[in-house]
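Since the structure comes first, as structure tokens, the remarks are kept for the end.
In this note's numbering, the protein residues as written are 385 to 748.
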């Protein structure tokens, strides 16, 4: 199950609740659940009603979630997140969010009072960069204390790590800007710090080239930057690389050949570890990608919103429930834990699935 932001942590501590525990436990037949984007610190916060991993109440809340998932025989990873310039002054009493440089990403921030245009952020000082790297390590430590089986670093899409990697949003002239190596330095410092607290076989990363809009339209550096990063990831023997396929139209741009299965055909040649393919996956496409060696696992996101028993439906050829889109980013149980399951049969205490959780680190 791919990470899915659902905005149900609407309490002052930004902590998961029993509602989260029920939601994830319903989907435990996934085998491996990557939890929703989870902020590493108050400075990282930038999406309304999302959970964190920096205080004791959040750790206790997540322990309730991981216990529920483990009791139904599944693994669960925490996804570590810093929103950077995708945040908004509304989260910081009017202060600017921080990023690599003072470049507005020209997107929308999801604030407590609704979507608002992003603003021009302030550049991070070197002390703030060092503190953020430390915060990723602390969040990883907290995740393991909360009972997660591992962590995934969110380095994809529009968020802080991607803002450092992107030559359009990183205009720095110090050791964190300029060349590809320098713009990737922040990412690799984070990886190495996380590895001080979590063994490599339990650390994954979500990353890949994107073509979105505004400052995140693919440019001439996008593909070479990502090729450098993904080749270097081989040095760390991580649990997995979760790579998204094209989420926008690549036609006519520098990523045109990565449309469809092209993303996985291109990067499968560069990455030697466990590659998880995501976005627009069907049962047939997933099986084909695995059979042809273009992926080792498949992550399903949107289908899990409305189908808590997705694997059982695949096995039996059952019809999939439709997503109620108005309730995807909402609050409360409606459209969250009330989708009907075809059946509710979960592994018992003696099942091989449950026993394997204690003996085999997944995707190592």
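C-beta: ideal position from N, C-alpha, C; glycine also.
Report all residues from its chain with a CB closer than 8 Å to the CB of residue i; omit the five preceding and five following residues, and keep chain order.
| i | result |
| --- | --- |
| residue 437 | 422, 423, 424, 443, 446, 462, 464, 523, 526, 527 and 530 |
| residue 713 | 389, 390, 391 and 494 |
| residue 602 | 593, 594, 595, 634, 637, 638 and 639 |
| residue 649 | 678 |
| residue 562 | 556 |
| residue 579 | 587 and 620 |
| residue 667 | 698 |
| residue 733 | Because residue 733 carries a pLDDT of 47, less than 50, the predicted location of this residue cannot be relied on, and the following value inherits that uncertainty. Taken in chain order, the list of residues that qualify is empty. |
| residue 488 | 469, 502, 503, 504, 505, 598 and 599 |
| residue 683 | 385, 386, 418, 626, 660, 661, 662 and 665 |
| residue 730 | Unreliable positioning characterises residue 730 in this predicted model, as indicated by a pLDDT of 49, which lies under 50. A coordinate reading is not provided. |
| residue 420 | 387, 388, 389, 390, 434, 435 and 463 |
Can you list, in chain order, the residues of its chain with a C-beta nearer than 7 Å to that of residue i? Leave out the 5 residues immediately preceding and following it.
| i | result |
| --- | --- |
| residue 566 | 559 and 560 |
| residue 471 | 429, 430, 481 and 493 |
| residue 392 | 403, 404, 433, 715 and 720 |
| residue 606 | 593, 638 and 639 |
| residue 735 | Low per-residue confidence applies at residue 735: pLDDT is 41, beneath 50, and the placement is therefore not dependable, though the value from the model is reported in the following sentence. 457, listed in sequence order. |
| residue 533 | 459, 460, 461, 586 and 746 |
| residue 450 | 460, 530, 531 and 532 |
| residue 441 | 397 and 399 |
| residue 515 | none |
| residue 718 | 711 |
Assuming contact is defined by CB atoms lying nearer than 8 Å, are residue i and residue j in contact in what I supplied?
| i | j | result |
| --- | --- | --- |
| residue 574 | residue 617 | no |
| residue 661 | residue 693 | no |
| residue 690 | residue 699 | no |
| residue 435 | residue 398 | yes |
| residue 483 | residue 544 | yes |
| residue 665 | residue 647 | no |
| residue 570 | residue 513 | yes |
| residue 509 | residue 556 | no |
| residue 645 | residue 659 | no |
| residue 630 | residue 591 | no |
| residue 749 | residue 599 | With the chain covering 385 to 748 only, the question about residue 749 has no answer from this structure. |
| residue 511 | residue 496 | no |
| residue 608 | residue 564 | yes |
| residue 577 | residue 521 | yes |
| residue 582 | residue 535 | yes |
| residue 418 | residue 453 | no |
| residue 673 | residue 611 | no |
Suppose the cutoff is 6 Å on Cβ atoms and the five residues either side in sequence are ignored; what does the same chain contact list for residue i look like?
| i | result |
| --- | --- |
| residue 499 | 492 |
| residue 407 | 720 and 721 |
| residue 395 | none |
| residue 685 | 386 and 388 |
| residue 547 | 468, 469, 483, 484 and 553 |
| residue 448 | 405 |
By DSSP's criteria, residue i is part of a beta bridge. Which residues make up the other side?
| i | result |
| --- | --- |
| residue 536 | 463 and 588 |
| residue 431 | 494 |
| residue 624 | 588 |
| residue 422 | 464 |
| residue 499 | 494 |
| residue 653 | Answer is none; residue 653 lacks a bridge partner. |
| residue 528 | Its beta-bridge partners do not exist; DSSP assigns none. |
| residue 482 | 506 |
| residue 338 | Because the chain spans 385 through 748 in this model, residue 338 falls outside it and cannot be assessed. |
| residue 416 | 459 |
| residue 436 | 423 |
Those runs of the alpha helix (DSSP H) which lie wholly inside the stretch 683-713 and span at least 4 residues:
686-690 and 694-700
Using 8 Å as the Cβ pair cut-off and three pairs as the minimum, do the stretch 540-558 and the stretch 637-645 touch?
Verdict: no, contact absent.
Contact between the stretch 451-458 and the stretch 411-422: three or more CB pairs below 8 Å?
yes
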